[in-house]
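Numbering (UniProt numbering), first residue to last: 1 to 313.
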């Protein structure tokens, strides 16, 4: 069986991290060559004390590193740099591990040598009762990954989420690390760092697999189960989508002008110019999902305008 480095990155969430580390104690590790790496991305709370206490009370191989460059992608890259095993797995600092998580991931790599990346199942656990307006279509912003109960190849754009994914170390040696232009930076809700790296994984011809028995439970705090947080999240998703596309698109100023006016048209006529009554109803009787998509368009528009003026300077 392969050796594995498990990386958890954290920023100013000491109490949450403590629960995740306690969950790690219960993971089945017998017979495994395994290390846990905690990367502190410049926390100013009690994160270092929490990790020190965990290391002192844990007989397992636990390493702690501080990454001064802000951003989840930079923290993950530091973890990759420090990892010594041939499989590198990532988990978030606000999850509970299923007892068989590690062995379920490694089972895929052992049984399928053609597989280079594996994503597991991620199940949201809400601290507060879900409001009536929240439905399954919104769950993806909480890192919910449930592609069924059968193992399968994940074909891009389907991809694992960062709270539950693993790679052969050779993947990073081939395509490089996470792009620091994307992903969370401190309290900013930017994203798409995982979309971008799996875009490169797909382009390089690597196989990605879904492992339904590699389960983590994602804790969703009360302050994220409200409309204001989701609006911020969708707004930043729009900005992140543009940042991702601008990395690979060879757009000139004219292209950006066309995209800006195209977004303005979509904001004014979300159903299309030929359906005036439906357009009015879209805004006068909106569903919350429509409202979120509107904020996503606003985020895209803001980012395109920023990129346009940056290219003009």
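All residues carry an ideal CB built from backbone N, CA and C; glycine is no exception.
Measuring alpha carbon to alpha carbon, tell me which of 77, 44, 65, 101 ends up nearest residue 29. When only C-alpha atoms are compared, the closest one is 101.
Between the Cα of residue 63 and those of 7, 213, 12, spot the shortest distance and give me the residue it belongs to. 7
Is residue 12 near the ligand ZN, in the sense that its beta carbon is under 7 Å from a heavy atom of that ligand? As far as ligands go, the structure on display features none, and thus does not contain the ligand ZN.
Should the region 177-188 be regarded as contacting the region 249-258, the criterion being three or more beta carbon pairs within less than 8 Å? When C-beta atoms of the region 177-188 are compared with those of the region 249-258, fewer than three pairs fall below 8 Å, so the two segments do not count as touching.
What three-state label does DSSP hand residue 287 in the structure shown? In the structure shown, residue 287 falls within a coil segment according to DSSP collapsed to helix, strand and coil.
Going by beta carbon distance, what residues of the same chain come within less than 6 Å of residue 214, once the five residues before and after it are set aside? 101, 104, 105, 120
Where do the ends of the alpha helix (DSSP H) carrying residue 242 lie? 227-248
What does residue 10 pair with, by DSSP beta-bridge criteria? Paired residue(s): 40.
Pairwise C-alpha distance: residue 207 and residue 154: 8 Å
Among 74, 141, 83, the one whose alpha carbon lies nearest that of residue 219: 141
With a 10 Å radius around its C-beta and 16 neighbouring C-beta atoms as the bar for buried, classify residue 20 as buried or exposed. buried
Which of helix, strand or coil does DSSP assign to residue 161? coil
The region 36-55 touching the region 107-123, judged by at least three CB pairs closer than 8 Å: no
How about residue 205 and residue 297: do their beta carbons lie closer than 8 Å? no
Using 8 Å as the Cβ pair cut-off and three pairs as the minimum, do the region 157-177 and the region 245-253 touch? no
Spatial neighbours of residue 167 in its chain, beta-carbon cut-off 6 Å, leaving aside the 5 residues before and after: 88, 117.
Who does residue 97 pair with in a DSSP beta bridge? 216
Could you pull out every unbroken alpha helix (DSSP H) segment of at least 4 residues lying fully inside the region 63-87, listed in chain order? 72-82
Given a cut-off of 8 Å on the beta-carbon distance, is the pair residue 72 and residue 47 in contact? No, the pair does not count as a contact, with Cβ atoms beyond the cut-off.
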